[in-house]
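Since the structure comes first, as structure tokens, the remarks are kept for the end.
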Amino acid sequence: MTSAPDRVEGDRDPLVVLSHVQKHFGELHVLKDVDLVVGRGEVLVVIGPSGSGKSTLCRTINRLEGIDEGRITIDGEDLPAEGKALARLRADVGMVFQSFNLFAHMTVLQNVTLGPTRVRGASRADAERRAMELLERVGVGPQARKYPAQLSGGQQQRVAIARALAMDPKIMLFDEPTSALDPEMINEVLDVMTDLASSGMTMVVVTHEMGFARRAADRVVFMADGEIVEQADPETFFTAPSSRRAQDFLSKLL
Ligand code: ADP
Ligand code: MG
Numbered sequence: 001m002t003s004a005p006d007r008v009e010g011d012r013d014p015l016v017v018l019s020h021v022q023k024h025f026g027e028l029h030v031l032k033d034v035d036l037v038v039g040r041g042e043v044l045v046v047i048g049p050s051g052s053g054k055s056t057l058c059r060t061i062n063r064l065e066g067i068d069e070g071r072i073t074i075d076g077e078d079l080p081a082e083g084k085a086l087a088r089l090r091a092d093v094g095m096v097f098q099s100f101n102l103f104a105h106m107t108v109l110q111n112v113t114l115g116p117t118r119v120r121g122a123s124r125a126d127a128e129r130r131a132m133e134l135l136e137r138v139g140v141g142p143q144a145r146k147y148p149a150q151l152s153g154g155q156q157q158r159v160a161i162a163r164a165l166a167m168d169p170k171i172m173l174f175d176e177p178t179s180a181l182d183p184e185m186i187n188e189v190l191d192v193m194t195d196l197a198s199s200g201m202t203m204v205v206v207t208h209e210m211g212f213a214r215r216a217a218d219r220v221v222f223m224a225d226g227e228i229v230e231q232a233d234p235e236t237f238f239t240a241p242s243s244r245r246a247q248d249f250l251s252k253l254l
């Protein structure tokens, strides 16, 4: 599922490219000359201390935050500043946040069909068929007619993933998707993400779940103080981090 016709499993041509990205909040320099390439089909896990700019980095990729300098392209196209082109681009970038952000007054099924019918122009019947497939895939098919408040946090987060996938995004961004969950629900969400990763979806995942990073990441990006300090495959990063800051960060997790 979710595969664009041109997807080649394991292909690594660049899908998202950030070059020399600078971002300030007032006096605060939050992204310092960030260069990053996310390959098609790649799973990138972003880790780093709180306040290092991980969320801001994610938010610049779908332009929830503008940037001060530099350039961001998705599939070779510059991020549009506003208007229809921006809406189209946002539909290509699925985002799952720490808080589930489902529409409380809509059923699970309505939450998942809203985007495809409104933005993608899908018929209701097609959108519902596809939504049910996705809800079953993430294990919440039986909850389709319920409202978000009737679901557990883990179920709501899986609905949020299904909702993002329903738009057939080119890339999925996850910003600490399990941080607000009770511990017993974390794995059910990570399992869905692990399946998605093996299906070939391009993913950028900000997480503190190091088990997931080891298991699912093609590459780990370590951020500190608005900079990408180090990037490596997970094995190298976790066993032999090269920077002092990454060594310190990892030693505090143990
Ligand atoms: P992380 O996700 O790694 O914890 P963030 O990207 O959320 O880091 O934040 C990076 C820095 O930018 C922090 O110092 C944070 O307080 C600040 N920051 C984030 N969003 C805003 C905002 N909208 N306005 C002002 N400062 C912000
Ligand atoms: Mg954050």
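Per the UniProt record's numbering, the very first residue in the sequence shown carries number 1; after that it's consecutive. Where a beta carbon is used, it is the ideal one built from N, C-alpha and C, also for glycine. What you are looking at is a predicted structure, and each value in this text was computed from that prediction instead of being measured.
Original post:
In chain order, what residues of the same chain have a beta carbon less than 8 Å from the beta carbon of N101, not counting five sequence neighbours either side?
Top reply: A160
Original post:
So, do the segment 38-48 and the segment 215-232 have three or more beta carbon pairs nearer to each other than 8 Å?
Top reply: Proximity of the segment 38-48 to the segment 215-232 meets the contact definition, three or more beta-carbon pairs being nearer than 8 Å.
**OP:** Just the C-alpha distance for S55 and D225, rounded to the nearest angstrom, thanks.
**Re:** 12 Å
Subject >> Among P234, S243, F25 and V37, the one whose alpha carbon lies nearest that of T202 >> reply: V37
Original post:
Can the beta-carbon of R145 be found closer than 8 Å to that of T107?
Top reply: yes
Subject >> Nearest-angstrom Cα separation, counted from L86 out to A4 >> reply: Reliability fails at A4, whose pLDDT of 39 lies under 50, so the model's placement of it is uncertain and no value is given.
Subject >> Residue burial classification, K170 (beta-carbon count within 10 angstroms, cutoff 16) >> reply: buried
**OP:** Please list, in chain order, all residues of the same chain as Q98 whose beta carbon is under 7 Å from its beta carbon, the five residues on each side excluded.
**Re:** D175, E176, P177, S179 and A180
Subject >> Classification of F222 by the beta-carbon crowding that lies within 10 angstroms, buried from 16 upward >> reply: buried
**OP:** Taking only heavy atoms of ligand 2 into account, decide whether any of them is closer than 7 Å to the Cβ of E209.
**Re:** no
Subject >> Cβ-heavy atom distance, S55 to ligand 2, below 7 Å >> reply: yes
Original post:
Taking only runs of the beta strand (DSSP E) that begin and end inside the segment 123-177, which ones reach a length of at least 3 residues, in chain order?
Top reply: 171-175
Original post:
Between which two residues does the beta strand (DSSP E) carrying E230 extend?
Top reply: Counted as a single uninterrupted DSSP element, the beta strand (DSSP E) harbouring E230 occupies residues E227 to A232.
**OP:** Give me the Cα-Cα distance between S123 and E235, rounded to the nearest whole angstrom.
**Re:** Going from the Cα of S123 to the Cα of E235 covers about 45 Å.
**OP:** Report yes if the C-beta distance between M185 and G153 is below 8 Å; otherwise report no.
**Re:** yes
Original post:
Hey, which unbroken runs of the alpha helix (DSSP H) at 4 residues or more fall wholly within the segment 63-123?
Top reply: The segment 63-123 contains these whole alpha helix (DSSP H) runs: 83-92 and 108-118.
Original post:
Any idea which residues DSSP pairs P14 with across the strands?
Top reply: G39
**OP:** Examine ligand 2 and report whether any of its heavy atoms sits within less than 7 Å of the Cβ of D248.
**Re:** no
Original post:
Which whole runs of the beta strand (DSSP E) in the segment 179-229 are 3 residues long or more, in chain order?
Top reply: For the segment 179-229, whole beta strand (DSSP E) runs of length 3 or above, ordered along the chain, are 202-206 and 219-224.
Subject >> Among G53, F249, R12 and L79, the one whose alpha carbon lies nearest that of E227 >> reply: G53
Original post:
Is any heavy atom in ligand 1 found nearer than 7 Å to the beta carbon of F25?
Top reply: yes
Original post:
Would the C-beta of G70 count as close to ligand 1, meaning under 7 Å from any of its heavy atoms?
Top reply: Because no heavy atom of ligand 1 lies under 7 Å away, the Cβ of G70 does not count as near it: no.
**OP:** Note down the Cα distance separating Q156 from P148, rounded to an integer number of angstroms.
**Re:** 6 Å
Original post:
Per DSSP, K23 forms a beta bridge with which residues?
Top reply: Partner(s): L31.
Subject >> Touch test, the segment 18-26 against the segment 191-209, Cβ-Cβ under 8 Å, three pairs minimum >> reply: no
Original post:
alpha helix (DSSP H) containing S55: first to last residue?
Top reply: K54 to I61
Subject >> Span of the alpha helix (DSSP H) around S251 >> reply: R244 to L253
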